[in-house]
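K.L.:
According to the numbering used here, the sequence shown holds residues 4 to 813 in order.
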Amino acid sequence: LGEALGVIRTEELLAARRIDGGRQFFTRAFDFGFSKNAEETLQHWPKDTIMGDVVKVVRAFRPQVIVAVFSGTPRDGHGHHQVSGILAREAYDASGDTVRFPVAAYGNPWTVSKFYRRVRVSDDSPTTKMNVGEYDPLVGRSYSEIASDSRSQHKSQGFGVLQQKGAFIDQIGLEASRVTEIKNSASEKSIFDGVDTTWARLRAISPRRDVQNALDSANMSFLQARQLYRPDDPTPTIAPLAQAVRLLRIARDSAGVRPARLLAGENPLSKSRLLDYRGGDVAERTASASGGQTFKPEANAELWNAANVNLQRAERALVLASGIAVEALAPRATLPLVETTKRTVPDTMGINVAVYNRGKLPVEFVSANVNIGKQVGSAAVIAPDSAIRATPIAQAFYPTAQWWRKTPRNDTWFTATVDSRDDAERQQDNAVMAHVKMEVAGVPLTIDAPVVNRVADPVKGELKNPLGAVPGIVIGLERGTEYIRANVPVTRKLNVKILSAYPAAESVYVSLVLPKGLTADSATRMRVLTPQAPGAVVTFNLKGMLPQGRAQLGALAMHEAVSAATGYYTINYDHITTQRMYAPSGMWLEAVPVKLPLRAHVAYVPGVGDAGIEALQQLDVNVDRIEPSAVANTDFSKYTAVVVGPRAYASSDALVAANPRLLDYVKKGGSMIVQYGQQEMMRPGIMPYPIQLARTAERVTDELAEVTVLSPLATTLNTPNKIGPDDWKGWVQERATYMPSTFDRNYLPLLQMNDPGEAPNKAGLLVAHYGKGTYTYVTLALFRQLPSGVPGAARILMNLISTTPAAPTP
Numbered sequence: 004l005g006e007a008l009g010v011i012r013t014e015e016l017l018a019a020r021r022i023d024g025g026r027q028f029f030t031r032a033f034d035f036g037f038s039k040n041a042e043e044t045l046q047h048w049p050k051d052t053i054m055g056d057v058v059k060v061v062r063a064f065r066p067q068v069i070v071a072v073f074s075g076t077p078r079d080g081h082g083h084h085q086v087s088g089i090l091a092r093e094a095y096d097a098s099g100d101t102v103r104f105p106v107a108a109y110g111n112p113w114t115v116s117k118f119y120r121r122v123r124v125s126d127d128s129p130t131t132k133m134n135v136g137e138y139d140p141l142v143g144r145s146y147s148e149i150a151s152d153s154r155s156q157h158k159s160q161g162f163g164v165l166q167q168k169g170a171f172i173d174q175i176g177l178e179a180s181r182v183t184e185i186k187n188s189a190s191e192k193s194i195f196d197g198v199d200t201t202w203a204r205l206r207a208i209s210p211r212r213d214v215q216n217a218l219d220s221a222n223m224s225f226l227q228a229r230q231l232y233r234p235d236d237p238t239p240t241i242a243p244l245a246q247a248v249r250l251l252r253i254a255r256d257s258a259g260v261r262p263a264r265l266l267a268g269e270n271p272l273s274k275s276r277l278l279d280y281r282g283g284d285v286a287e288r289t290a291s292a293s294g295g296q297t298f299k300p301e302a303n304a305e306l307w308n309a310a311n312v313n314l315q316r317a318e319r320a321l322v323l324a325s326g327i328a329v330e331a332l333a334p335r336a337t338l339p340l341v342e343t344t345k346r347t348v349p350d351t352m353g354i355n356v357a358v359y360n361r362g363k364l365p366v367e368f369v370s371a372n373v374n375i376g377k378q379v380g381s382a383a384v385i386a387p388d389s390a391i392r393a394t395p396i397a398q399a400f401y402p403t404a405q406w407w408r409k410t411p412r413n414d415t416w417f418t419a420t421v422d423s424r425d426d427a428e429r430q431q432d433n434a435v436m437a438h439v440k441m442e443v444a445g446v447p448l449t450i451d452a453p454v455v456n457r458v459a460d461p462v463k464g465e466l467k468n469p470l471g472a473v474p475g476i477v478i479g480l481e482r483g484t485e486y487i488r489a490n491v492p493v494t495r496k497l498n499v500k501i502l503s504a505y506p507a508a509e510s511v512y513v514s515l516v517l518p519k520g521l522t523a524d525s526a527t528r529m530r531v532l533t534p535q536a537p538g539a540v541v542t543f544n545l546k547g548m549l550p551q552g553r554a555q556l557g558a559l560a561m562h563e564a565v566s567a568a569t570g571y572y573t574i575n576y577d578h579i580t581t582q583r584m585y586a587p588s589g590m591w592l593e594a595v596p597v598k599l600p601l602r603a604h605v606a607y608v609p610g611v612g613d614a615g616i617e618a619l620q621q622l623d624v625n626v627d628r629i630e631p632s633a634v635a636n637t638d639f640s641k642y643t644a645v646v647v648g649p650r651a652y653a654s655s656d657a658l659v660a661a662n663p664r665l666l667d668y669v670k671k672g673g674s675m676i677v678q679y680g681q682q683e684m685m686r687p688g689i690m691p692y693p694i695q696l697a698r699t700a701e702r703v704t705d706e707l708a709e710v711t712v713l714s715p716l717a718t719t720l721n722t723p724n725k726i727g728p729d730d731w732k733g734w735v736q737e738r739a740t741y742m743p744s745t746f747d748r749n750y751l752p753l754l755q756m757n758d759p760g761e762a763p764n765k766a767g768l769l770v771a772h773y774g775k776g777t778y779t780y781v782t783l784a785l786f787r788q789l790p791s792g793v794p795g796a797a798r799i800l801m802n803l804i805s806t807t808p809a810a811p812t813p
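Below, the structure written as structure tokens:
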């Protein structure tokens, strides 16, 4: 949930782009959860800030055409989608407006030629149609097949789709055009109709004859390379590609722009500014308003951008045609950061860089380095079917981390700066990279390769994990927030995790910073961490009593007289790049005035993103975790209540099959509590009495929405805790989700709520008799409140598991 889900979804987008070849940019908006409309979204996202990010990206990317997926109207559904559609059109209108968006802050202006929107349903309006199922013989697949593979990378969203072969017609509608002869889609065959995408446009924007000649000659070199290309032997293309690279460098550098690599600020892994070796030129990467480009007064930004895009393509084609492959391998997966006060610890790493010539012509190796480290290796010719190796030394001064999380988040938007780089470039510039200087056909090149730790998995085969620059010693707790019963003597075990990235044995001392009222059984614990056992869990026994309210607990690790108070956890899935998320080694203890049900013994069937079990354990309830696959063989007669977590039925066919046993438990006098589901809850046999959900299910996204109690005397709202107005304070993100629109009369509705301007919904909490027992259906968003330590959610949960049934009124 939260930022961790954002990291996964970001990486899934980048995984998709690696398949379809697109470039992925982001604004700083935080996905704060479902939003019903644009107005609600823009209460959270500062429109001018996010709009400025979009304009900055448009000016950096300089598209001829913008296609908006969303309409910017309520038919888009999600408020975030609506805002996407709105900002897309406004960016088309305003990307050339230097009064509203000054060059000093947003980069050089750019005027987009045409603006389209996706047309989801055919109507009578003219549209531009295209066969997205067109087959590409060079790739061996159709574009729709590639798109399906790309979309299927969004695994956390359940977006896996079948790949389609054959013709597949899609359509978009032209909404605005600055092309005089193109005002609608009626006669268009391509979105680029009326837009000059030829080399003639580059000649037209170049004021110098020698540059025009260079562009003409580069174009002829490309034509020659195409004519000479053979899939089984691209060697003949090397000479014309090398000539094209030389000519495009002349054209690019004539534009009056220093050859910076579109990076603003310092390299996060180095104390010094990174030097650019591309094309043999050396220039500091400089921070500038134009997104990392430094322009002379006579600069021609449009020419520079166009020439640079073609130059990058030509350089890559030249490397591929030459058969050059670079590997940069690290002996471990983590590189400890340099900490100047630790003078004796090993904080460097030798990187094994290998350059292979798999082509048919010799190439020249010049040198290699890692980030801005010392260049190593002697110039040498690499003959075909041979290789050369070098061992540059890696050091890092800042951790590899998500760029948008490097500064604190301002509620629902991030404060880090958006610049001209796409997210793949930003990730690369934040990674440990090897830079190999080569010369091919007399042309100097720099080839970048990520430094990886390579391992062989017995099932999956080769796995490559990017080398991560991390603090040498990190420390963390299992959770950022936990419940504790207020004004009640408690004992609790606290597990503290420590981890070393050093390649030698290191002694680490762990201590706690406790709130008043709690004590630990030891002031300090020492552990020796080794390369063979780099991690350890240190357990403290806490006891004491806390008053009602929120208290802070911290953990510190002392190493070489330097304290550490930061930890990280790793997000690692096969389809995305491994990520580490950093957080302070502290915890909030939410002391809640809560009474426990007598002799409660709860069976908990976990759902998706479910923190209910942990919350019950923290509040001293006797609870057993029952996996969905074990429901069919579990004796529930010993339990006073059974709780089913959110979306559990959607995620487990085994639970669906075994559900009659749970309903039978209720019939015999048990108490069953089921947290929200989606359309699956309408399937016969899931719930004891039917409910109906709208296709777009109702929900209350205003976490401060007023809650009306419909049955004040209901046991669920009074035993063992009296639920009152204070229990609805401090809720996060939303009140309730996927609420039934209608429900069977056997259900007693206890709570009513609604978002502003909408009709009240009574399905926040439904209770029903079923046989001798009680069935409770909960659409309250407890799955969001419990991890955040919301006091009222804990008190409501205690009442839900109470064995006393709620008696419906006639």
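We put the CB at the ideal spot given by N, CA and C, even for glycine.
Any heavy atom of the ligand GTP closer than 6 angstroms to the beta-carbon of Trp-48?
P.N.:
As for the ligand GTP, it is missing from this structure, which has no ligand bound.
K.L.:
Please classify Gln-555: does DSSP put it in a helix, a strand, or coil?
P.N.:
Here residue 555 corresponds to residue number 552 of the sequence shown, with the count starting at 1. Looking at Gln-555 - three-state DSSP - the assignment turns out to be strand.
K.L.:
For Gln-695, does the three-state DSSP call read helix, strand or coil?
P.N.:
Here residue 695 refers to the residue found at position 692 of the sequence shown. Three-state result, Gln-695: strand.
K.L.:
Pull up the distance between the alpha-carbon of Ala-507 and that of Glu-465, whole angstroms please.
P.N.:
Position 504 of the sequence shown, counting from 1, holds the residue named residue 507. Position 462 of the sequence shown, counting from 1, holds the residue named residue 465. Computed Cα separation, rounded: 27 angstroms.
K.L.:
Who are the Cβ neighbours of Ala-170 in its own chain at under 7 angstroms, not counting the five residues just before and after it?
P.N.:
Numbered from 1 along the sequence shown, position 167 holds the residue referred to as residue 170. Only Asn-134 and Gly-136 meet the Cβ criterion.
K.L.:
By Cβ distance, which residues of its chain are closer than 8 angstroms to Ile-185, with the 5 residues on each side in sequence left out?
P.N.:
Against the sequence shown, residue 185 aligns to sequence position 182. So the qualifying residues of the chain are Lys-117, Leu-177, Glu-191, Asp-196 and Gly-197.
K.L.:
Touching or not, the segment 340 to 350 and the segment 365 to 379, by the rule of three or more beta carbon pairs under 8 angstroms?
P.N.:
Result no; under three Cβ-Cβ pairs closer than 8 angstroms.
K.L.:
Go through its chain and collect everything with a Cβ distance to Leu-559's Cβ below 6 angstroms, but skip five positions before and after it.
P.N.:
Your numbering for residue 559 matches position 556 in the sequence shown. Taken in chain order, the residues that qualify are Ser-514, Ser-566 and Ala-568.
K.L.:
What would DSSP say about Thr-13, mapped onto helix, strand or coil?
P.N.:
Indexing the sequence shown from 1 puts residue 13 at position 10. Looking at Thr-13 - three-state DSSP - the assignment turns out to be helix.
K.L.:
In the DSSP assignment, the beta strand (DSSP E) including Glu-630 goes from what residue to what residue?
P.N.:
Position 627 of the sequence shown, counting from 1, holds the residue named residue 630. Careful: Glu-630 lies outside any beta strand (DSSP E) and carries neither H nor E.
K.L.:
Classify Arg-103 as buried or exposed, calling it buried when 16 or more other Cβ atoms lie within 10 Å of its own Cβ.
P.N.:
Sequence index remark: in the sequence shown, residue 103 carries index 100 (1-based). Its Cβ having fewer than 16 others within 10 Å, Arg-103 is exposed.
K.L.:
Might you give, ordered along the chain, the residues of its own chain that have their beta carbon closer than 6 angstroms to the beta carbon of Pro-811, omitting 5 neighbours on each side?
P.N.:
Taking the sequence shown and counting its residues from 1, the one referred to as residue 811 is at position 808. Here the model assigns Pro-811 a pLDDT of 37, short of 50, so the residue's position is not dependable and the matter cannot be decided.
K.L.:
Just the Cα atoms here: how many angstroms apart are Gly-362 and Ala-564?
P.N.:
Residue 362 sits at position 359 when you count from the first residue of the sequence shown. Residue 564 sits at position 561 when you count from the first residue of the sequence shown. Each residue's Cα considered, the two are about 53 angstroms apart.
K.L.:
What's the gap between the Cα of Ala-489 and the Cα of Glu-593?
P.N.:
Taking the sequence shown and counting its residues from 1, the one referred to as residue 489 is at position 486. Taking the sequence shown and counting its residues from 1, the one referred to as residue 593 is at position 590. Each residue's Cα considered, the two are about 8 angstroms apart.
K.L.:
How far does the alpha helix (DSSP H) with Lys-440 in it extend, from its first residue to its last?
P.N.:
Along the sequence shown, one-based indexing puts residue 440 at 437. Looking at the DSSP string, Lys-440 is not in any alpha helix (DSSP H); the run it does join, the beta strand (DSSP E), is 436 to 443.
K.L.:
Going by CA-CA distance only, name the one from Val-735, Ala-333 and Leu-769 that's closest to Thr-887.
P.N.:
Because the chain spans 4 through 813 in this model, residue 887 falls outside it and cannot be assessed.
K.L.:
Just to confirm, are Val-659 and Val-608 a CB contact at a threshold of 7 angstroms?
P.N.:
As a working mapping, residue 659 is identified with position 656 in the sequence shown. As a working mapping, residue 608 is identified with position 605 in the sequence shown. Taking 7 angstroms as the Cβ cut-off, Val-659 and Val-608 do not qualify as a contacting pair.
K.L.:
Terminal residues of the continuous beta strand (DSSP E) containing Arg-583?
P.N.:
As a working mapping, residue 583 is identified with position 580 in the sequence shown. Arg-583 -> beta strand (DSSP E) spans 582 to 587.
K.L.:
Looking at the structure shown, is Gln-398 part of a helix, part of a strand, or coil, going by DSSP?
P.N.:
Locating residue 398 in the sequence shown gives position 395, where the first residue counts as 1. Gln-398 falls in the coil class under three-state DSSP.
K.L.:
Please report the straight-line C-alpha distance between Arg-21 and Asp-56, rounded to a whole angstrom.
P.N.:
Position 18 of the sequence shown, counted from the first residue, corresponds to residue 21. Position 53 of the sequence shown, counted from the first residue, corresponds to residue 56. Going from the Cα of Arg-21 to the Cα of Asp-56 covers about 23 angstroms.
K.L.:
Rounded to the nearest angstrom, what separates Ile-11 and Ile-574 at their Cα positions?
P.N.:
Taking the sequence shown and counting its residues from 1, the one referred to as residue 11 is at position 8. Taking the sequence shown and counting its residues from 1, the one referred to as residue 574 is at position 571. Taking the straight line joining both Cα atoms gives about 8 angstroms.
K.L.:
Do Val-710 and Leu-754 come within 7 angstroms of each other at the CB atom, strictly closer than that value?
P.N.:
Working through the sequence shown from its first residue, we reach residue 754 at position 751. Working through the sequence shown from its first residue, we reach residue 710 at position 707. A contact, by the Cβ cut-off of 7 angstroms.
K.L.:
Considering only residues of the same chain and omitting the five flanking positions on each side of Lys-132, which have a CB-CB separation below 6 angstroms?
P.N.:
To locate residue 132, count along the sequence shown from 1; it is residue 129. Closer than 6 angstroms at the Cβ level, and outside the excluded window around Lys-132, lie Ile-172 and Gln-174.
K.L.:
How would you call Pro-839, buried or exposed, if buried means at least 16 neighbouring beta carbons within 10 angstroms?
P.N.:
Within the shown structure, residues of the chain are numbered from 4 to 813, placing residue 839 beyond reach of any answer.
K.L.:
Please classify Leu-556: is it buried, with 16 or more other beta-carbons within 10 angstroms of its beta-carbon, or exposed?
P.N.:
One-based indexing of the sequence shown puts residue 556 at position 553. When all chains shown are included, Leu-556 counts as buried.
K.L.:
According to the neighbour-count rule (16 or more other Cβ atoms, all chains shown, within 10 Å of its Cβ), is Lys-496 buried or exposed?
P.N.:
Against the sequence shown, residue 496 aligns to sequence position 493. Per the 10 Å Cβ criterion, exposed.
K.L.:
Does the separation of the CB atoms of Ala-657 and Trp-416 fall below 7 angstroms?
P.N.:
Sequence index remark: in the sequence shown, residue 657 carries index 654 (1-based). Sequence index remark: in the sequence shown, residue 416 carries index 413 (1-based). No, they are not a contact pair.
K.L.:
For the candidate residues Glu-428, Met-561, Thr-722 and Val-248, whose alpha-carbon lies nearest to that of Asn-222?
P.N.:
In the sequence shown, counting from the first residue as 1, residue 222 sits at position 219. When each option's Cα is compared against that of Asn-222, the closest is Val-248.
K.L.:
Just curious, the alpha helix (DSSP H) that Ile-208 is in, first and last residue?
P.N.:
Taking the sequence shown and counting its residues from 1, one reaches residue 208 at position 205. Unbroken alpha helix (DSSP H) run through Ile-208: 202 to 208.
K.L.:
So, for Ala-434: in the same chain, excluding its five sequence neighbours on each side, which residues have a beta-carbon less than 7 angstroms away from its beta-carbon?
P.N.:
Position 431 of the sequence shown, counted from the start, is the residue given in the question as residue 434. Hits under 7 angstroms: Thr-403, Pro-453 and Pro-469.
K.L.:
Can you pull the DSSP bridge partners for Trp-416?
P.N.:
By one-based count along the sequence shown, residue 416 stands at place 413. Answer is Ala-32 and Asn-413, bridged to Trp-416.
K.L.:
For the segment 475 to 522, list the beta strand (DSSP E) runs that are entirely contained and at least 3 residues long, ordered along the chain.
P.N.:
476 to 480, 484 to 488, 493 to 503 and 509 to 516, all fully within the segment 475 to 522.
K.L.:
Does Gln-230 pass the burial test, meaning 16 or more other C-beta atoms within 10 Å, or should it be called exposed?
P.N.:
As a first step, residue 230 is located in the sequence shown; it is residue number 227 there, counting from the start. Exposed, because fewer than 16 other Cβ atoms sit within 10 Å of the Cβ of Gln-230.
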